[in-house]
Every structure is written in C-alpha cells, then in structure tokens.
Amino acid sequence: MLKVWVFQDMRFVQAENDLFAGSVLKNIFFDRTPSKAELTACAKLLKSETLEAADASKLSTGEKRRVLLLRGLMSNSHTLIFDEPTANLDANTSAVFWNMLFDWFNQGQRTMIVVSHTIDDASLNRFDTQLNFNALIKS
C-alpha cells in the first residue's frame with residue numbers, strides 16, 4: 065500500500081516562541097478571517113484584549129506560547145506536531161490546551177505527535193501511543 069504525505073496539511077508548532085510582526089489575530093489566522101466559533105475557541109486560551117492586540121511582539125512569553133498553540137489548532141491541518149507545547153504555561157492553561165487538542169483530534173481523520181517533558185498523567189493517558197525515551201536508554 066502506497067502512502068502519500070501532503071506536507072501542506074501538516075503543521076509543526078516549535079518550542080521557540082517566535083511570532084511574525086503584526087497583530088495577534090494575524091499570527092494565528094494569517095490573512096483569513098476567523099469565524100465566531102474560532103474566536104470563541106481562541107478565547108479559551110487568550111483574553112479578548114490579548115486577541116485584539118495590534119503588536120504580538122509585546123506579549124509575555126506565556127501569551128506568545130498560547131498564540132503558537134492556537135495557530136496550530138486553528139490551521140485546519142490534519143496533522144499537528146508539537147514540541148514542548150505546554151512550556152511556560154501554568155497547570156490550568158495546560159489543562160485547557162490538552163482539552164482543546166483532544167477536541168481537535170476527536171473531529172476524526174486527525175494525527176498528532178507531541179514531544180513533552182511536562183505532561184500530567186491524565187492527559188498522557190489519553191494518547192493512543194506513548195514513547196518514554198528515558199525508559200529505552202540502557203546503561
């Protein structure tokens with residue numbers, strides 16, 4: 065069976081909090097206009113005044129992280145790869161993110177790969193497959 069990877073349908077959310085020059089909404093949605101449902105979903109991770117901010121470069125480290133997470137979740141991609149998604153997030157915000165990620169995943173025909181050093185057991189146990197690389201290392 066031949067499998068074809070369509071890289072345009074894959075998003076990688078890196079650990080670094082690098083944003084584009086411009087508004088927060090432009091950093092999440094680029095040039096498309098978000099729906100009301102998408103803005104409501106974004107409000108779960110960002111305050112409305114942060115979502116409406118004109119200069120994303122002035123956000124805190126944690127706010128920048130949330131913008132990048134939302135960029136991935138709002139991309140309509142079928143494959144998301146996250147590198148340390150909950151770095152610089154408090155426990156409550158992390159829980160909101162994990163719930164949003166699994167809601168996205170449960171829409172069907174979705175794949176996610178997450179690399180994380182910090183994930184609570186309840187969220188970890190929701191994944192179909194888990195690899196613990198520390199357990200694979202033999203001394």
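For the sequence shown, the numbering used here begins at 65 and goes up steadily by one.
For every residue, glycine included, the Cβ atom is placed at its ideal position computed from N, Cα and C.
Exercise for the section: State yes or no: is the C-beta of residue 157 within less than 8 Å of the C-beta of residue 123? Expected result: Position 93 of the sequence shown, counted from the first residue, corresponds to residue 157. Position 59 of the sequence shown, counted from the first residue, corresponds to residue 123. Against a cut-off of 8 Å, the Cβ pair of residue 123 and residue 157 comes out as no contact.
Exercise for the section: Look at the Cβ atom of residue 91, then the Cβ atom of residue 135, and state whether they are nearer than 8 Å. Expected result: Position 27 of the sequence shown holds residue 91. Position 71 of the sequence shown holds residue 135. Contact flag set, yes.
Exercise for the section: Report back the beta-carbon spacing between residue 120 and residue 86 to the nearest angstrom; my notes put them in contact at under 8 Å. Expected result: By 1-based counting over the sequence shown, the position of residue 120 is 56. By 1-based counting over the sequence shown, the position of residue 86 is 22. With 8 Å as the limit, residue 120 and residue 86 qualify as a contact, their Cβ atoms being about 6 Å apart.
Practice task
Can you say whether residue 183 is buried or exposed, counting buried as having 16 or more other CB atoms within 10 angstroms of its CB?
Solution key: Taking the first residue of the sequence shown as 1, we reach residue 183 at position 119. Taking every protein chain shown into account, the CB of residue 183 has 16 or more other CB atoms within 10 angstroms, so this residue is buried.
Practice task
To the nearest angstrom, report how far apart residue 112 and residue 191 are at their CA atoms.
Solution key: As a first step, residue 112 must be located in the sequence shown, where it is residue number 48. As a first step, residue 191 must be located in the sequence shown, where it is residue number 127. Rounded to the nearest angstrom, the two C-alpha atoms are 31 Å apart.
Exercise for the section: Would you list, in sequence order, the uninterrupted beta strand (DSSP E) runs of no fewer than 3 residues that lie entirely inside the region 87-115? Expected result: None, since the region 87-115 contains no complete beta strand (DSSP E) of that length.
Practice task
On the DSSP bridge assignment, give the partners of residue 161 in chain order.
Solution key: Here residue 161 corresponds to residue number 97 of the sequence shown, with the count starting at 1. Answer by DSSP bridge pairing: none, since residue 161 is not bridged.
Exercise for the section: Using three-state DSSP, classify residue 147 as helix, strand or coil. Expected result: Within the sequence shown, the letter at position 83 stands for residue 147. Residue 147 carries a strand assignment under DSSP once its states are collapsed to helix, strand and coil.
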